[in-house]
Structure formats: C-alpha cells, structure tokens
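Report on one structure; see the data block that follows.
Protein chains: 6
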Amino acid sequence: MTMKIIAFGEVMMRMMPPNYKKLSQVDTLEFLYTGTGVNVLSGLYQMGHEVYLTTRLPDNIVGQAASAHIRKLGIHDDYVCYGTNHIGIYFLEQGIGNRASQITYLNRLDSSFGKSQISDYDFSCLDGMDALHICGISLALRENLREVAFAFAKEAKKRHIKVIFDCNFRPSLWTGEHDEIKHIYEEMLNLADIVFAGYKDATLLLHKQVDQSLPYDKQLRNILMQMCQDYHIEFIFGTIRKDEELTGYMVTSTKMVMSPKMRLTVFDRVGGGDGFAAGAIDGYLTHMEPQELIHYATASGVLAHTTYGDSPVVSKEEIIDFMKNGKRDIKR
Amino acid sequence: MTMKIIAFGEVMMRMMPPNYKKLSQVDTLEFLYTGTGVNVLSGLYQMGHEVYLTTRLPDNIVGQAASAHIRKLGIHDDYVCYGTNHIGIYFLEQGIGNRASQITYLNRLDSSFGKSQISDYDFSCLDGMDALHICGISLALRENLREVAFAFAKEAKKRHIKVIFDCNFRPSLWTGEHDEIKHIYEEMLNLADIVFAGYKDATLLLHKQVDQSLPYDKQLRNILMQMCQDYHIEFIFGTIRKDEELTGYMVTSTKMVMSPKMRLTVFDRVGGGDGFAAGAIDGYLTHMEPQELIHYATASGVLAHTTYGDSPVVSKEEIIDFMKNGKRDIKR
Amino acid sequence: MTMKIIAFGEVMMRMMPPNYKKLSQVDTLEFLYTGTGVNVLSGLYQMGHEVYLTTRLPDNIVGQAASAHIRKLGIHDDYVCYGTNHIGIYFLEQGIGNRASQITYLNRLDSSFGKSQISDYDFSCLDGMDALHICGISLALRENLREVAFAFAKEAKKRHIKVIFDCNFRPSLWTGEHDEIKHIYEEMLNLADIVFAGYKDATLLLHKQVDQSLPYDKQLRNILMQMCQDYHIEFIFGTIRKDEELTGYMVTSTKMVMSPKMRLTVFDRVGGGDGFAAGAIDGYLTHMEPQELIHYATASGVLAHTTYGDSPVVSKEEIIDFMKNGKRDIKR
Amino acid sequence: MTMKIIAFGEVMMRMMPPNYKKLSQVDTLEFLYTGTGVNVLSGLYQMGHEVYLTTRLPDNIVGQAASAHIRKLGIHDDYVCYGTNHIGIYFLEQGIGNRASQITYLNRLDSSFGKSQISDYDFSCLDGMDALHICGISLALRENLREVAFAFAKEAKKRHIKVIFDCNFRPSLWTGEHDEIKHIYEEMLNLADIVFAGYKDATLLLHKQVDQSLPYDKQLRNILMQMCQDYHIEFIFGTIRKDEELTGYMVTSTKMVMSPKMRLTVFDRVGGGDGFAAGAIDGYLTHMEPQELIHYATASGVLAHTTYGDSPVVSKEEIIDFMKNGKRDIKR
Amino acid sequence: MTMKIIAFGEVMMRMMPPNYKKLSQVDTLEFLYTGTGVNVLSGLYQMGHEVYLTTRLPDNIVGQAASAHIRKLGIHDDYVCYGTNHIGIYFLEQGIGNRASQITYLNRLDSSFGKSQISDYDFSCLDGMDALHICGISLALRENLREVAFAFAKEAKKRHIKVIFDCNFRPSLWTGEHDEIKHIYEEMLNLADIVFAGYKDATLLLHKQVDQSLPYDKQLRNILMQMCQDYHIEFIFGTIRKDEELTGYMVTSTKMVMSPKMRLTVFDRVGGGDGFAAGAIDGYLTHMEPQELIHYATASGVLAHTTYGDSPVVSKEEIIDFMKNGKRDIKR
Amino acid sequence: MTMKIIAFGEVMMRMMPPNYKKLSQVDTLEFLYTGTGVNVLSGLYQMGHEVYLTTRLPDNIVGQAASAHIRKLGIHDDYVCYGTNHIGIYFLEQGIGNRASQITYLNRLDSSFGKSQISDYDFSCLDGMDALHICGISLALRENLREVAFAFAKEAKKRHIKVIFDCNFRPSLWTGEHDEIKHIYEEMLNLADIVFAGYKDATLLLHKQVDQSLPYDKQLRNILMQMCQDYHIEFIFGTIRKDEELTGYMVTSTKMVMSPKMRLTVFDRVGGGDGFAAGAIDGYLTHMEPQELIHYATASGVLAHTTYGDSPVVSKEEIIDFMKNGKRDIKR
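Protein chains in written order, with full-length UniProt numbering: chain B, 1 to 332; chain U, 1 to 332; chain V, 1 to 332; chain P, 1 to 332; chain L, 1 to 332; chain Z, 1 to 332.
Pasting the structure below:
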C-alpha cells in the first residue's frame, strides 16, 4: 500500500568533524542535508511510500547539491523552489561516552527557506497527496514562514489530506509572548489529524493541567487524551526516553497504547525522533493494529539511532526483523 | 616449533562502507581479500608457522593484488595459480549496537576459483607440509571444486599429512539432495584428522541422534564424541557463542574439554571463528595440554573479534598476555 | 525547452584506487555507478531535461545503492526493475603523465542486466517520451539483451519517439560471425534517427568503401554521409581525438559540419565521449543551429574530461561560458 | 629585522570539495579560515615578523576554531573579540584544466565581523605596531565596518604607524552610488602610505584619465604615478597576470619598477595575490632595494599559487631559493 | 582569574593507525605532538590561563610543525628553542574492547630535547610566571636534561614561582642505581610545592613504610601525608583507577580529600592523567574549595578520556556541566 | 628467465603529507617503507624475478610492518634480521609546479640497520643467488655497515655471484677525509661487475680527468670508459636528466650506448632512478641487446616517475607497451 506524502519544511546543512573530534582538531567536515521533513520522508521512502518535499533552497550549487542529496534519499524534488543564497548550517561535535554531543547553529533566520513566503510556493503540489507533514520549527522561525505553514495546512484540509504536525517546541527559537505562541500552536493543532507531542508540549506550551500525584504514565495519558479532545486530534504519538531505553506511545481521545521498553544503543543521536515519526506515520497510513503500530514505530526509532546521519535509512525489512528477533549479530 | 601448513580455499574480496555507513551513503569502500583458508593461515603465521595457500585467482590486476595482500599477511603465494577474470565479492554493511551487520554476495560461482579444476593444481605442493586445511565451502560451491578438494585430501593422506576440515555447513549454498550432501561430508570426515564442527553439523547435516532431555553441554559432548568414533576423527573443535560470551570445546572419541567462558567484545565480527581455528591448530601442532590448548584457542578467537578484517592479526604474545591478564588498558 | 529522454542501458560499478595508485597499493576504492545511458542522461539533466533510465539492477543493497546514485545525478528510477544478484564491475587504475589508465572488467555477462529479458521491462515507459537512447554494448553482450534493445527501438518507432543509437563498437565484446554482427548493427541503424559513429564503425564494422587517397576529413565525410543515406539516418555525430585536441562533427546525408579544434585537458578520461553525446542530443532536441550545436557539443565533451567520474556534471551555463570565454581562472 | 604588523580584517570559512570534485559529488569538505588580512599576516610570519589580527569572530566553537587556526599560522589572536554567532562562508569548487574554479558565497553581511562596530575594538592594540593592514572589502560590506576601518586608519596615523591599504575593489559587493564609493576610497587612500592597486582601480573606480594610445605598461605607470601624487602614497604595488605569467610592479610618484616575468603554475589559485602582498610588505619594511624587492614579492606571489589554502605558507628561504635557482626538482 | 603557567618538557610525535587498525594494516597515520607539559598546558588554556612551553625542538619542518601544533592548542611558543634534527616518536596502536592499546617508542634519547642543555634555555622566561611545571620524565632521560630541570626548579624558587612536579616514575626509563634515583627525586620533591604522585611512587620509589593491614585508602593517605611532611609539599594530587572508575585525591600534611567515584568511558586513553592534572592545577591556582577542587579535577580527567589526542580539549564549561549534570545526550 | 637477486640495504620509513600539503598543514601522513635495495627489488619482481632483501629491522611492530610491506612488494623477507628499536625516517613534502619537493631526515645513524654488524647477518643467504645489489649509502653511514657491505661483496665474489653497486654518492652523508672515501669506493668498485654511476661520481669522487672542451656526451663516455678499465667493471649504467627529459646510457670499457631521449612526466619523483636500475639489471640478466636494453631501462625509469611511492610497481608489460607505443590514453 503505497501512499503519497508531502512535507513542508526546512533543509539545513549539517557539518560534523569526523571520528568524534572537536572542530578545532580537524580540517575536514562530513556534511549532509537534513531537516525534520527530510528525515521523516526518508524513513517513509524506506517503507515503500512516494514522498515529496516542498521547500525553498538557495539558488546556487549549495541548493542544487541539497536537491541531489534528498533525491538520493528517495525524496522527489519536483516541488522545491530556489531563491536567494543562504542556507541554515549547524555544526555537530559528536560526543562519545561521558562527553555529550554539541550542536552549534550559524545564522538560520536569513536562509532561503527562512525568508520564503506564500508566493514562492505552488499549492497544487498537494493535489493527489495522502498526507502533509509540517514541523513546529516552521512556526517558530519567522512570521512569513508561519503564514506559509498555515496556508499549507488549510489547503490540505480543503483537499481532505491528512495533516501531520510535529510540535517540536523549542523555547529558544521563539521570541514572542507566550500567549501568542500558545495561540499559534492551538490554531495549528486544530488543523492537524496526527500530532507528535509530549509531556512538556502539553504542560509548558499548552498549559494543560494534570494531577502531579499520579504516576508519570497516567499523567501523560491524561493530558494527551485531553489534547486530543480539545483540538480534535485523531492520534498523538511520542516517546519516553529514560535510562537508555525508549518507549513509544499512541494516544487517542479515549486511550493510550504503549510499546515495550526497548533498549537504546546510540551511534548517531540526531534524527532518532524522526525515525519514530516515520514508523508511526507508516503504521497509521497502512492501518496497522495499535499495539503492532507503536511497537513498529518504536523499533524504527531505535534503529534510527544506529545509522549515520539524521535521516533514517534502515529498510522496513530490517525494522520488522528487529521487532521479531531483537539485536542480531550478522545476517548473510 | 615451526610447522608448515597449506590451505586449499577460496579468496574473496570483501568490500565495506567505512564508519558503519550503509552502501548507499558512501562513495568509497574499504576492501581486503579474505576466505576461511586465508584467515586461518594468517592466524597461524602470527603464531610462528610457515603457511601456504593454494587456490586459483583471476589472471589480472585483481588477482595480483590478492596475492600481494596475502603475502602481506605472511602467506606464501608460491602455489597460487591464475586463470579467467572473476573473483567472488561480498559487501559488508557493518552493524553497530542494535543494528546487525549485513553481508551481500555478488556472483561467487563463476569466479576463477569456482571454475578451477584438478588440472589447475600441482599436488606436489603438499610435499613436506605438516597439515592441509580444507573448508566445507569448497564442497558446496560446484562439483569441480569438490573434486579438487577430495583430490587434495587424498593426496595429503598419502603423504601422512594431517587433514584439517572445517565443516562450515551453510544450507543456502547447497542445491542438491540432502542425502547426497550428507554422503559427501561423510566421505570428507573419513579423510580428516581434525575437524571443526558444532551441534547443527552433527544433527542437521549428519543426523546424529541425541537425547534432547540432557543439558546442552552433554548433548553436544555425546554427538561430537559419536562423530569422532564414526569417522575416526582425532579431535573436533568448536565454540559456543551465547550471551556475548564465547566458550571453546575440544572433543575426542572419549572426552570433551571446555575453555572458561570468555566475554566477547565485537569490533569486526567476520572471521572470529577463524581466529579460534588458528589457535586450535597451533595448539594441536605444538602439542599443548588440552586445557591450555582450548583456553588459548578461545582467547585467540575472542581477540580476533577486536581487529579490523576477517584475518586474525594479533600476535601469539598478545593472545598469551590476554589469557593470563585479561583485558588491559594500555601496554608500553 | 524541457524534453523527456529515456535510455535503455547497463549500469556498472566503477571502482578506482584513489590518488592515481595501483590496486595493489591501496585498501580503499572510490566507486560510482556508470554506463553509457547513465552518463548521457546525467549530462542531459544538467542541460535542463527530464531523464529516465530503464534497466535491470540486482535485487539487493547493491542495486538499491545504484538507484540512489542515479537519482542523485538527476535521473528518474521509476522504470528500473530488479532481479538476481550480480552487477558488472570494472576497476579503473587511473594513469597520469606517461602512464596510461587501465580498465579491468570482472564478470559482466552474468549481471542482472546481462540476464534480463523482454518480460522484465514495461514498454509503456516510452509513452510521452521525446527520445530513446540505446547503446551498442547492449547488442553485444548477449542475445537476450539484443532482443530487448530491438523491442525498445521498435516500440519507440511506433510511438514516433526519436531513436538515438550510439554504435560503441568494441570487437572484444563480440563472439559471433562478423556478417551476423554487421547485420544486427544495420538493423538497428535502420531504426535510428540519430547515430553516434566514427571512421572505424563505418569501415571495419559496416565495410563502407572509401577512397583512401583523400584527406582524412574528406574520407570521413564521405563514408558517414553514405551511412546516413544507406540507413536513413537524420544525423551522425562523432569526434576526432588527435594530438590532445578534440574536434566534433555532425553529418547528414548531404553535408558535414565541424567544430573548432578544442584543446583537451584530461582529469578523468572515461565518459568524455558521453559528455559530447549529451551536448549533441541537447543541441538537436532544442534545435540549435548546426555550427553552434557542434561547437556546444564539443565544448561539453571537452569539459566532461575535467570532472570526476564518467557522468558529466558540468552545468549548461558552464559549457556556454567555456564556449564563449575559453579557459578561465576563477569565477566568483 | 622583525617588525610588528597588525591587520584589521574579516575571517571567513572556506569549504572545498576534495580532489577537484563538485559539491554534489562529495560528502566531506576540506575547510580552513581565510581572509585578506589572515593571508598577508601568514606570509609575513613566514618572513620572520610578529603579526596580529584584530577582528570579531563568532562567540562559539566556530570562532574558537578560527582563532586556533590563525594561531597555527603564526598569527597572534590577542586582539580578536567575540560576539554573535555567524561567520561568512564560501564554497570553492576547485577547477582543473579547462574547467574554472568557482566560488559561491553564503550570507557574509550578517557575520560577527560584518556586524561589528567601533565599540567592539580596543585601539590600544595599535601601540607599538609598525604597520596596519586594511582591506577594501571592509569598506564595502557595511557602513558600520567602514567606520571601524577609518577609525583604525586614523588611530594608526596618530601613532605614526604605516597604513597599508589593499584596494581589492569588487563592484559586486557595493550597493551605493559610484560617486560616494569613489569618495570613500579617496578618503582611505589619503590616509594610506602603501597601497595595492591596479589599472581598473585607477580607471574604473577613481576615474583617472589615461592616454589609451600608449602601450599598456606606460598607461599603467602614468595612472599609478598620478595616484601616488594625488593621494600622497609612498608606494603602490600590484601585479599583471597574463598568459600564465606574473609580473609585479612597484610605483612611486616618480617612477615604476617591474619584476621579471615569472611563469605561473597554479595548484591553489585563491590567495595568490596575498602572497605577493606579503612579499612586498616584507621588502618594504626591511628596506630591500627596489628591483630586488619587486622580484622577491613576485616570487612570493608565484609560490603562493603552489600551496594548499589561501594563506601563504612557504618560508622566506624557499622564496629566495626560487628567485635564485628557479624551479627545482627535489631538495634534500 | 587568569594565571601564567610555564612548563619545561619534551614534545614527542605520536603516530596512530586510524580506526583501531594495526600498523601493518594501514598506509596512513594520524599524528599529533604531545608530552606531559603540552597536555597539561592545553588543559589549562581551556580553563582560561595564559600558558607557555619551554623546550627544544628540531631545527627543521618537523620542529616548526610542532610549534604550529602547540600554538593551535593555545600554548605560546615564545620560549621554544631549536637545534639538531631529531624528535621522539611513539606509535600508538589503539586497542578496543578486549584488545589493549600498545605504545612502541622509537629513539627518544637522541632527540633535540633529549640532547638539550642549560645553555639552550633562557631562564628569564620565568619572569612574571605564576607556576612552573616539570615532569619526572625529564629527570629520567639523560643527565643533561636533569640538570636543566633542576636549574628551572631553582630559578623558579628564586622568583617565588610555584613549582609543580609530576613524578611520572617509569622504571623502564631509568638505568642508574636505585639509591641515586631516589636521591634525585627527593631533591626535586624538596623544591616542589605541588606534586602528582601515587602509591607506587611513595613505596617503590621513595621507600615510605606503610602498615599493609590497613585498607588501601588509609595506607595511601598515610604515605602521602608522610611525603608532604618529609619534603614540605603543599599538596599531592593523584587518582585511583579501578574497575573502570576514577577517584581523585588531594593530600596535605594533615589530611586527604577524595572525589566521588566517577565512571570512566575511554575513547582515547593516553593523556587522561594530564587532564586530571590540569584540573587540579586550575583548581589550586584559582583557590577552589578542596572538595570542589578534587571533584572538578577528576571530572576533567574523566572527560580527557573522551577526546581524540593526548591533550585535553574540553572547555571549562563542559567540565562544570559534567560535574553538575553527569553524562548528557546532546546539547544544543 | 627468472633470476634470483638479493640486495643488502637499508629500509627507511617515508612519511608524506597527502595532497601536496606542507607538514604543518596536515594531521595525517601517508607512509611506506623504502630504500634503494627495496626499490630495485620491487622493480625486478615486476619483471618476473625472485628477489630477496637482507637487512636489519627494528624488533617491534615497526619492523614487522616493514617486513609485511616489502613482502607485499614481492620481496622475500627470509633473510631479514631484527634487533634494537629504531628506523630511519624521512619526511617528504611533495612539491608541485614551481615548488620543489623537500626531504627532511630524522636520525638515521642510530637505526637498527645503521647499528647492525657482520654478526647479525648469515652469508649463506647468498647461496644460489645470481646477483647481489649494494648501495653506496651503506658505505657512508657508519663504519660497521661498511664492513658488512664489503663482507657481502667478498662473499658474493667467492660464489661467482654478480656484484651490482650503485654509487649513490651523497657528500652530505660523509664525514671522513676525501682520500679515504675515494679509497673505500675504489675498493668496492674493484669488487663490482655492474655499476650505476655518473659524471659527478667519476670527477668529484674518483678524480677522473676529462677534457672539458669536449661535448658533455663525449666527456661522459670517456670518464666512464676509463672507470670500466680502471676497476674492471663490466657495465656502467646511468641517466642524464635535462630539460624534463631522461636519457639512459650504458658504458663498457670500449663503448657507450645511449637510449632515445624520453620526455619525463613527474608524479612521484623519489625512486625514479631505482626504476631505471631495475630495468638495466633485468636487461643485463636476461641478455637483452644493448640498444634495446638501454631503451627498456630508460622507459622503466620514466614510468617509475608516474607511480606513487619510491618502489617501481609498473609491470614489464606496461614498460614494453610504453617503449613501443609511447604515452597512451586508456587501455581496456
């Protein structure tokens, strides 16, 4: 069952000193192109879907190389537009053992994407799609982007396309009043069918009340069920990361289903969440049973921590093999 | 005590994306030449023996580079012949953490080795040798190879050279009737002095009966002792890999000796078994005491998991140091 | 003016020791996926066209990585099919100065492509295309492939799609009788609108007679004009490579147009001819004037010698800038 | 004779695909930190001087790595300040043979340097210096930078420090009226003792009139002598690059001295001019004879084309050896 | 509070096969310049101090590259002198898992440093310094070096500069009588204010008596307190490394303070002790509270095991973050 | 016609910054093992001979890796002995264009080879050999080595083995009186059958008189013929390198034969002379005709400049193809 999914989102350049070195210790960088949308689509391609990205890239070799990179990941670049000359860049100093990974951003606001506006996009790209993915970062960066994001969501609604929204709330990116931010998020949640969110999104961002004397799981279930009810959300997905274990959950207005706790082994941390998201979306679009779905999505998230880069590149077969057989030595 | 050992076996090219990446993520490959015979001989060279490979390689730069590579490992290439233009290749996507390593073979049957026949080899290369090593893969690939393998075993017998046979039974490589395969193996086992074999070889391949209500160790001992008796084998060696621990065993027609359980740490999985085999053969040829022998062989196998490549490259001193002192930090 | 071009052709893996080293001097290889069709399409993508490859690739990670690679080059993989597990591989030892580059092939006949047949392909992929590209190598490798090639050419004819045929006659690949080979080529030439051919194709392969007392240029013109007439070919394109200079020509049944002689500088030799072909096809499809067309195609060929890999990756702008301004130092 | 030279100027990051590849062909980049000031100081360090850079760098690991890099080049970072989080970046696709090198800039205006202002700098850093170097790029980028540049020049004048100004006029960087730009340059030229300038600076930028019927050399001499007179410049230095040869010149208000024509071989084009500048400044500060000085500076420029990176790294000994002995094979 | 620290010590070249390979498996080496002094100063630079090395380096490109390398680490090279042409080199075969790292030294005695003598150094470099660091290796290598080390210590004493002495007793480096060695060490200890020493230094080297029936901690406290009293040492610092945990201690003539046990994760083992030393010296010079100081120093040591190279390159902020928050996933 | 050749000579480590960078610009080095004997034997292996090296290497991993490296080149290591721990190292900064290559030696005198003496070698290794190669460097380094060299030459003489001596006179390596040096060389020349020598060896070293009014070729012929007569040398070989062209010569006591002038293209300069030597020795041992021999040897020398490393790795087929067809583009 092949579905068509389109994402509206930023493409950034990730630059990493090789071999766990610090930036001042190297004179080469490994780079790739990334972004929440890119990552989720990459995962969905591995799962057999037809995937499209719509974004604005620099009108130069950096933008062309970005397109080539995402095509290689299996993403169609038909709806990418080009303009101006800047792209967001982040440096990743990969940690190991006791040393944490560190991410340092260069100017992200003035990128071709950051400065793009409604007139840059052709909404007919939504025709024939089954789902649209939007990331909360687009709401945060600049007002013009926020307008584009809402325009996409509304155009999708018109066409009865499922709207998938990943909250991805990062306070550091926001400059406005909290009430205004909450309002913006609520507007988007009202448009969304599927949402990726967690405890902090519900409490810190949306101010959902919760009885803190309850166990954590119960609290989480209550506030996310509340969110589903308040904004008419079909499903909320998310993960709990604790003690080097990952547990996925899936919430509707009436219940919560949780995956088994799965042991995490981290090779490349960034993009792990997007691996989970790809699995959840695939499971949703192909109508998996709830328990299987959330197990599968969590397995996808766990394996996304074991591959180089932010974009999931494990195949559906590998995920299913891992769900069934756990960690294996070698396959011939 | 330097012995002379010759192996008849395939040389393949192993190609690996660097840094745990997937093939589609790279544009360079690390490569080396490998094969059960190559690996066992490489280990035996490190232990002080004089080692020779007899095989057929492509008659082009790929074959010449293979010879150069095995010479670097310490293996004499005097008895390598050349012809046709193909070599077996496998791609290794190295796994990490929860992600398994994956091996993908290209055409192996039509290699220079796969198509070689008795007339390509000069059996006088056996003169003066102390032992001959043959791998079960040669029995599986093609009938012409099987003929060569038997010819070598019989010529060795004539010269009172010890015949070492590694079962290495891989059902996927065999296309014939099971009875026929069993018969072929039994013929080879009757020629062999030293055999590498395990539970599955005895039960699935050779149909040895065992009382499954016994503990695993007992079962193993019984069927392997049975094998020794049935085929007049001097020693059977093998390992049990469980819960990231390795235990070696050594069986005669009357008893079984086991190594201590040794904790495994895996850096490069492929060829670990060949490291054990090299240790066992060295121990056998240099007349170590059984308990020391099997401990030493297992230590050799454990350390073979910690070096790059399929071919063991740790020195005898390192193995003995590890047997005595366990894992150490740094040696100056 | 964007056209749609599809090529039927082989994808091979090219493996190259880095930095002009010999195979026996390295333990890493730079690799990429290549083939006449791949290369021509890659060039046409850079010139603004929509390009498709139809072929059969191995049904494993090697085939998937091949698809990812050609997508990165801008080629659609919608019409690629998968089956069996082998791919043609060649090793390129890149020469420098007085030392020639050397190419060594491994088994090419038994590749997924080599063994593919008509039932593996869906000819509806031709619907809506403007041109089909076929390479003479497909005629040479195996009979089953030859059948596929002719089927494609005939299906294209039916749909009034231009058939582009690159003779690429390599005697070493052919095993049959010369008359039979000539006959096969003639059959294909009768189907073709645009042909890439040179002096040797006309004389050695097709036995065209020529007055050898004439200057080389005249001889060439006469036999190629003859070819155009004999097989109803619209245009024949080709190049003369002499004294480190390249001259392109374009021949119809009535005349020959030649480019200026352009100085060659060689960084990566393989695929230079495909760069010329891409330029010629672009010029033809976009109706350039003859003199401009052949100058442009030759400039494209010249620049294709200056980039890594077999597949042209210089942009149309770079080619035009080079035609106008010649060799330049640096562009900001 | 060790002098103390300080430069005020931008530090950029240069990112280059290795091995002459295009950006879309690679996943690693070689990078370094560069800038006219950095390059000139690097050259002067090799010639035995004590050199300082004053600039503003990002207040993060990118800025720290920049400081570490310039320290490695021998430049003191005592007067570097830190603030905001962006740095100018350019991508260099290195050309070869017929293919030109291409430089692509990302956002340069909003860098930490681009947004720095007078209050970020401590002019006491000029105390005890012998010379100050300023590059015309600082005049072009933004008004705030222009203010800093003039403040540095005036503070240097007060302290009787030689002011060295490199015109480096790039029309594409300027957005204002031409008259205003001319005026700004003239103001700086009036402050400068030593100037790097050429034909276009004098005619296009400063509108110097010249009798175009004269030979090029004469024209050049006349307009540069005129510049020296008009702005009270001690020396103007520059080079003529033609037919893969480099000729240096040195002009006062009364005469012009030219170097021999020196054959250029280009390995890394960018920064060649800065190698010449370093040589000229060293010659000037150490009171070389005019003819020797301009030969030495040109040799320095020529050798700067043969090393990796924009910053000259050949030693004074190598330059002098090259002046005397020309191109040599090998030195032991 | 920025202090000025100078170290007198050897600079060696460290050469390492990449990716955990053995020397015979590679044809490239990663190299860097290292030494106890270099490493301690590198750590102190990260903590905000002004640091200087005084040593003798080869008078050729190897020495110049060494200076460039240490400047990059933040160390001033003003007091480095140059002479003769040799440098100490060690090869590090990095172990992994069960395989130990192995260090192999080439000729170290005949290096430019090893052969340097008092007349090579200018003791005025001590003027204005707050502390001098000396390593026990300098006492061991050669008599001439020992003389330089004592001259530095005495000159520092004269100027009331704190003398920091790292015992670093390696029996294999010493050739003389034990009594003489003991005497030399005692002479240096009498000059030292701060000492890095452990159980073996006190017992094997200095023959301190201890009641072995006491627990290890008590024994250690008693003999180190005894050392403080005997040689009038202000503080002795050191670590206990056991069961993959590190515990730091700090001893005066009257008490011992211990850090919490901190779990070790080893990425690059060499230089871990120097990371501890840098932390301890920083804590001492900036008057941290004892408990905080030893915790901080141990955290610094623990993190020094997680970065490439012998020289600590983690920032003070990272150390403090690790002390407070422990191991973290990712920091943005 | 396979001959057996043994060389007595030094093995050094060559370390080179990759990609034409300077040492201070890199943190990795490409390394290999080299030496005149190694290089000549490597060339002779490619020409089909059985080759052996006798030398002393460090008794550690550096020595073992050296053995592995030379085995890879095709050289037997049966007669290598091991002792002490040092090896000669040189750094090669490879030049390009106008910039010369620079070689910097570290301590070479105290290497395992440099300190080896007669008792370290077993002269029975000469039994059955056809030729012995000795290099003048062994005469220069130390007296003990000189003794070994003479012992080898005399033992070879006894066995009627051809003695090949490469003068390789480098004044900088010698410390003694000139007369003594001349005497030592003359003693060796009296033992030698085949000698590699040139103009400077004859005039500066051996003080042969020559009529300087003659053309250079004539002078050269006269003094080398004189040498042949004076020391009873069968053949003297050498090359003239001028204007990027190489000409080989071969002299007996009665005549001189010269090769055609061959254009040089330099990729890796070091070891070019050893490529010529290998060709000359092969030609001599296989009884080529003089004119063919010297052409072949010169072609071998020319091609040795086009491969990475000091040791020739082009095959005999490539040399012959180059002799016949000159520079070629590509070979399939």
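Ideal placement from N, C-alpha and C gives every residue a C-beta, glycine not left out.
Nearest neighbour of residue i, chosen from the options [CA to CA]
{"i": "Gly273 (chain L)", "options": "L:Leu73, L:Gly198, L:Met129 and L:Gly176", "result": "L:Gly198"}
{"i": "Ala66 (chain P)", "options": "P:Met47, P:Gly275, P:Ile89 and P:Leu44", "result": "P:Ile89"}
{"i": "Ala192 (chain U)", "options": "U:Asn222, U:His207 and U:Gln229", "result": "U:Gln229"}
{"i": "Met129 (chain B)", "options": "B:Ser111, B:Glu155, B:Leu141 and B:Leu139", "result": "B:Glu155"}
{"i": "Asn190 (chain U)", "options": "U:Glu180, U:Lys200 and U:Phe165", "result": "U:Phe165"}
{"i": "Asp211 (chain L)", "options": "L:Leu204, L:Tyr45 and L:Gln219", "result": "L:Gln219"}
{"i": "Thr36 (chain Z)", "options": "Z:Ala277, Z:Phe91 and Z:Leu293", "result": "Z:Ala277"}
{"i": "Thr2 (chain U)", "options": "U:Ala131, U:Thr265, U:Asp59 and U:Thr239", "result": "U:Ala131"}
{"i": "Val266 (chain U)", "options": "U:Glu244, U:Leu285, U:Gly283 and U:Glu292", "result": "U:Glu244"}
For residue j and residue i, believed in contact at Cβ under 8 Å, the rounded distance
{"i": "Tyr308 (chain L)", "j": "Tyr20 (chain B)", "result": "6 Å"}
{"i": "Glu30 (chain Z)", "j": "Met13 (chain Z)", "result": "About 11 Å; that fails the 8 Å criterion."}
{"i": "Leu57 (chain L)", "j": "Ser112 (chain L)", "result": "6 Å"}
{"i": "Thr247 (chain P)", "j": "Met225 (chain P)", "result": "About 17 Å; that fails the 8 Å criterion."}
{"i": "Met262 (chain P)", "j": "Tyr296 (chain P)", "result": "The pair is not a contact, with the Cβ atoms about 11 Å apart (cut-off 8 Å)."}
{"i": "Leu106 (chain L)", "j": "His69 (chain Z)", "result": "The Cβ separation is near 17 Å, so there is no contact."}
Residue i classed as buried or exposed, judged by whether at least 16 other C-beta atoms fall within 10 angstroms
{"i": "Lys9 (chain V)", "result": "It is worth fixing the name first, because residue 9 (chain V) is Gly in this sequence and not Lys. Gly9 (chain V) comes out buried."}
{"i": "Asn325 (chain U)", "result": "exposed"}
{"i": "Pro171 (chain B)", "result": "exposed"}
{"i": "Pro215 (chain U)", "result": "exposed"}
The alpha helix (DSSP H) enclosing residue i, as first and last residue numbers
{"i": "His204 (chain B)", "result": "The amino acid at residue 204 (chain B) is misidentified as His; the sequence shows Leu. Taken as a continuous stretch (DSSP letters only), Leu204 (chain B) belongs to no alpha helix (DSSP H), as it is neither H nor E."}
{"i": "Met13 (chain Z)", "result": "Unbroken run through Met13 (chain Z) is the beta strand (DSSP E), Met12 to Met16; no alpha helix (DSSP H)."}
{"i": "Val148 (chain V)", "result": "Glu143 to Lys158"}
Residue i - containing beta strand (DSSP E), residue span
{"i": "Val195 (chain U)", "result": "Ile194 to Phe196"}
{"i": "Ile89 (chain Z)", "result": "Ile89 to Glu93"}
{"i": "Lys162 (chain U)", "result": "Lys162 to Asp166"}
Of all the alpha helix (DSSP H) runs that stay within the bounds of the segment 216-246 of chain L, which reach a length of 4 or more residues?
216-231
Quick one: which unbroken beta strand (DSSP E) runs of 3-plus residues sit fully inside the segment 19-79 of chain P? Chain order, please.
28-34 and 50-57
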